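K.L.:
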Amino acid sequence: MRHVIVVGAGQAGASCVAKLRGSGFDGRITLIGAEPVIPYQRPPLSKAYLLGDMALERLFLRPESYYAEHNIELRIGATVRELDPQARRIKLDDGELTYDDLVLTTGSIPRRLPARIGGALAGVHVVRGLADVDAMAPNFVPGAKVLIVGGGYIGLEAAAVARKLGLEVTLVEMADRILQRIAAPQTSDYFRDLHRRHGVTIREGVGLEHLLGETAVTGARLSDGSEIATDFVIVGVGIEPNVALAEAAGITIDNGIAVDAQGRTSAEHIWAAGDCASFPYHGARIRLESVPNAIDQAECVAENIMGVGKDYIAKPWFWSDQYDVKLQIAGLNTGYDRVITRRSAAESAAFWYYRGDRLLAVDAMNDPRGFMIGKRMIEGGKSPDPALIENPETDLKAMLKA
Ligand code: FAD
Numbered sequence: 025m026r027h028v029i030v031v032g033a034g035q036a037g038a039s040c041v042a043k044l045r046g047s048g049f050d051g052r053i054t055l056i057g058a059e060p061v062i063p064y065q066r067p068p069l070s071k072a073y074l075l076g077d078m079a080l081e082r083l084f085l086r087p088e089s090y091y092a093e094h095n096i097e098l099r100i101g102a103t104v105r106e107l108d109p110q111a112r113r114i115k116l117d118d119g120e121l122t123y124d125d126l127v128l129t130t131g132s133i134p135r136r137l138p139a140r141i142g143g144a145l146a147g148v149h150v151v152r153g154l155a156d157v158d159a160m161a162p163n164f165v166p167g168a169k170v171l172i173v174g175g176g177y178i179g180l181e182a183a184a185v186a187r188k189l190g191l192e193v194t195l196v197e198m199a200d201r202i203l204q205r206i207a208a209p210q211t212s213d214y215f216r217d218l219h220r221r222h223g224v225t226i227r228e229g230v231g232l233e234h235l236l237g238e239t240a241v242t243g244a245r246l247s248d249g250s251e252i253a254t255d256f257v258i259v260g261v262g263i264e265p266n267v268a269l270a271e272a273a274g275i276t277i278d279n280g281i282a283v284d285a286q287g288r289t290s291a292e293h294i295w296a297a298g299d300c301a302s303f304p305y306h307g308a309r310i311r312l313e314s315v316p317n318a319i320d321q322a323e324c325v326a327e328n329i330m331g332v333g334k335d336y337i338a339k340p341w342f343w344s345d346q347y348d349v350k351l352q353i354a355g356l357n358t359g360y361d362r363v364i365t366r367r368s369a370a371e372s373a374a375f376w377y378y379r380g381d382r383l384l385a386v387d388a389m390n391d392p393r394g395f396m397i398g399k400r401m402i403e404g405g406k407s408p409d410p411a412l413i414e415n416p417e418t419d420l421k422a423m424l425k426a
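Okay, so the sequence shown: first residue is 25 according to the working numbering, each after it adds one.
Below, the structure is given as structure tokens:
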């Protein structure tokens with residue numbers, strides 16, 4: 025019987041096995057995950073779950089019974105240590121398995137602070153998995169002081185939760201502005217203002233020199249020479265694709281596990297999808313760190329394992345929740361040269377990114393309509409006249425039909 029093994033039981037791994045079974049694959053399926061928990065969604069970890077508004081069971085992508093009912097062998101708390109592409113064999117702590125096709129959905133690894141600047145002190149946390157969030161949750165008590173290192177979406181979401189729960193929050197960002205790597209100054213300004221109004225102290229252009237404390241963190245010395253006291257630290261300084269297993273097996277790595285348009289790696293019968301995989305996109309090679317990408321790419325791989333032979337056409341989008349603001353992003357803004365602001369209602373705003381006349385991306389804050397329309401335009405290759413976008417009187421929906 026044909027055997028597909030999926031390594032990594034996160035969003036992409038779970039989507040891949042479900043798609044295989046749902047499409048009629050009748051061979052053996054094994055899904056292997058290092059975390060001791062059935063596949064779950066990560067976004068609530070820095071939002072509703074951290075806030076205490078979401079029960080553990082609601083994180084699960086599917087009920088535990090689903091896997092047995094669909095004849096999917098789910099091995100949790102099991103790490104694949106080695107991969108031998110020639111022998112089509114993987115090695116676990118308790119034995120070996122052979123496969124006909126293998127899918128790598130190993131996700132990513134959060135960057136940590138080096139131990140020489142205090143990264144190994146107790147009270148220093150990252151936000152990647154359930155265990156990380158469960159470990160930091162007891163610190164979220166009113167009046168406690170938290171230092172957040174990094175002004176990306178994860179750091180900002182954690183800041184919002186901490187303020188809601190009454191903590192004193194300081195966020196330091198080494199770059200000139202929060203969200204510098206991923207968004208336009210307009211979006212940075214919007215979120216800086218939002219967080220300041222909620223009482224977060226944001227310090228931009230200020231790096232962390234080192235953390236203070238003997239065994240547990242008690243404070244931090246910053247690059248401007250100042251020192252601040254803190255009860256705990258959350259590090260949100262980005263992630264790296266988890267490529268170790270593939271790399272050791274000699275599979276080509278290029279900003280992640282390099283796959284072709286259909287999800288094949290450089291090794292025969294080995295595929296990859298999700299955060300760990302880089303793929304061709306409009307003449308470049310990119311990697312996306314988002315739930316929609318993990319699902320769509322993994323489902324495409326599942327279909328290709330069944331012989332469909334289709335290319336993965338990424339339709340990038342992402343979201344973030346902070347306080348009562350829902351940010352939705354459509355497209356990729358790489359290479360933009362101007363940003364058009366559209367305000368359709370008092371509490372909403374959208375920033376439309378253009379390169380020349382071409383619409384690239386939209387950041388929509390509490391503007392689901394603007395997001396949906398922008399997304400459809402980007403996916404359809406339409407680029408509306410920026411002057412019309414800027415005019416709040418313009419009926420966007422009508423433009424979609426034009
Ligand atoms: P993962 O979900 O990371 O799964 C990979 C799994 O593989 C892990 O469980 C890992 O333990 C396992 N694994 C790795 N190596 C091995 C091995 N050798 N053997 C066995 N198992 C292994 N995206 C959005 O679109 N919107 C959001 O709002 C959003 N918020 C986020 C908030 C947080 C706190 C985090 C951490 C992420 C967020 N993301 C968000 C990103 C999104 O969750 C990821 O892009 C998505 O989970 C990627 O799925 P994946 O399956 O590729 O990787």
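All C-beta atoms in this analysis are idealised placements derived from N, C-alpha and C, irrespective of residue type, glycine included. Nothing here was measured: the structure is a model prediction, and the numbers come from that model.
Suppose you measure from the CA of T54 to the CA of E97; what does that come to, to the nearest Å?
P.N.:
Mapped onto the sequence shown, residue 54 falls at position 30. Mapped onto the sequence shown, residue 97 falls at position 73. Rounded to whole angstroms, T54 to E97 spans 5 Å at the Cα level.
K.L.:
Can you give the Cα-Cα distance for A374 and K406, rounded to whole angstroms?
P.N.:
Reading the sequence shown from its first residue, position 350 is the one you call residue 374. Reading the sequence shown from its first residue, position 382 is the one you call residue 406. In a straight line, the C-alpha of A374 is about 17 Å away from that of K406.
K.L.:
Just the C-alpha distance for L126 and I294, rounded to the nearest angstrom, thanks.
P.N.:
Position 102 of the sequence shown, counting from 1, holds the residue named residue 126. Position 270 of the sequence shown, counting from 1, holds the residue named residue 294. Approximately 5 Å between the Cα atoms of the pair.
K.L.:
Between S372, L412, P67, which has its C-alpha nearest I364's C-alpha?
P.N.:
The residue labelled residue 364 in the question sits at position 340 within the sequence shown. Of S372, L412, P67, the residue nearest in Cα terms is L412.
K.L.:
S428: beta carbon under 7 Å from a heavy atom of ligand 1?
P.N.:
With the chain represented from 25 up to 426, any question about residue 428 goes unanswered, as that position is not in the structure.
K.L.:
Assuming contact is defined by CB atoms lying nearer than 8 Å, are S270 and I281 in contact in what I supplied?
P.N.:
Taking the first residue of the sequence shown as position 1, residue 270 is located at position 246. Taking the first residue of the sequence shown as position 1, residue 281 is located at position 257. For clarity, residue 270 is Ala in the given sequence; the question names Ser instead. Yes, Cβ-Cβ distance for A270 and I281 is below 8 Å.
K.L.:
Would you mind stating whether E197 and E228 have Cβ atoms separated by less than 8 Å?
P.N.:
Mapped onto the sequence shown, residue 197 falls at position 173. Mapped onto the sequence shown, residue 228 falls at position 204. Result yes, Cβ atoms of E197 and E228 sit closer than 8 Å.
K.L.:
In the stretch 110-192, which residue ranges form an unbroken alpha helix (DSSP H) of at least 4 residues, counting only runs that do not cross its ends?
P.N.:
With a minimum length of 4 residues, the continuous alpha helix (DSSP H) runs that stay inside the stretch 110-192 are 154-160, 177-188.
K.L.:
Is it buried or exposed, H149, if we count other Cβ atoms within 10 angstroms and call 16 or more buried?
P.N.:
The residue labelled residue 149 in the question sits at position 125 within the sequence shown. Buried, since its Cβ has 16 or more Cβ neighbours within 10 Å.
K.L.:
Suppose you measure from the CA of I353 to the CA of R152; what does that come to, to the nearest Å?
P.N.:
For the purposes of this step, residue 353 is taken as the residue at position 329 of the sequence shown. For the purposes of this step, residue 152 is taken as the residue at position 128 of the sequence shown. Taking the straight line from one Cα to the other gives about 21 Å.
K.L.:
Do the stretch 318-327 and the stretch 36-47 make contact, defined as three or more Cβ pairs closer than 8 Å?
P.N.:
The answer is yes - the stretch 36-47 touches the stretch 318-327, with three or more Cβ pairs under 8 Å.
K.L.:
Please report the straight-line C-alpha distance between A370 and L218, rounded to a whole angstrom.
P.N.:
Your numbering for residue 370 matches position 346 in the sequence shown. Your numbering for residue 218 matches position 194 in the sequence shown. Their backbone Cα atoms lie some 14 Å apart in a straight line.
K.L.:
Mind the definition here: the stretch 181-198 touches the stretch 69-78 only if three or more C-beta pairs lie below 8 Å; say whether that holds.
P.N.:
Verdict: yes, contact present.
K.L.:
Which residue from A268, G46, P68 puts its Cα closest to that of D77?
P.N.:
Taking the sequence shown and counting its residues from 1, the one referred to as residue 77 is at position 53. Answer by Cα proximity: P68.
K.L.:
Which residues in the same chain as F395 place their Cβ atom closer than 7 Å to its Cβ, once the five residues preceding and following it in sequence are excluded?
P.N.:
As a working mapping, residue 395 is identified with position 371 in the sequence shown. Same-chain partners within the cutoff: Q352, A354, V386, A388.
K.L.:
Do you know how far the Cα of P60 is from the Cα of T103?
P.N.:
Sequence index remark: in the sequence shown, residue 103 carries index 79 (1-based). Sequence index remark: in the sequence shown, residue 60 carries index 36 (1-based). Using only the alpha carbons, I get a separation of about 10 Å.
K.L.:
My output table needs one value for G243: the three-state DSSP class, helix, strand or coil.
P.N.:
What you label residue 243 is simply residue 219 of the sequence shown in a count that begins at 1. Note: G243 maps to strand in three-state DSSP.
K.L.:
So the candidates are R362, R366, I329; which of them puts its Cα closest to the Cα of D50?
P.N.:
Reading the sequence shown from its first residue, position 26 is the one you call residue 50. Cα-wise, what sits closest to D50 is I329.
K.L.:
Helix, strand or coil, according to DSSP, for G394 in the structure here?
P.N.:
The residue you call residue 394 lines up with position 370 of the sequence shown. Here G394 sits in helix by DSSP.
K.L.:
Residue range of the alpha helix (DSSP H) that Q210 falls in?
P.N.:
Within the sequence shown, the letter at position 186 stands for residue 210. Residues 209-221.
K.L.:
Taking 7 Å as the cut-off, does the CB of V315 come closer than this to any heavy atom belonging to ligand 1?
P.N.:
Against the sequence shown, residue 315 aligns to sequence position 291. Yes, Cβ of V315 sits closer than 7 Å to a heavy atom of ligand 1.
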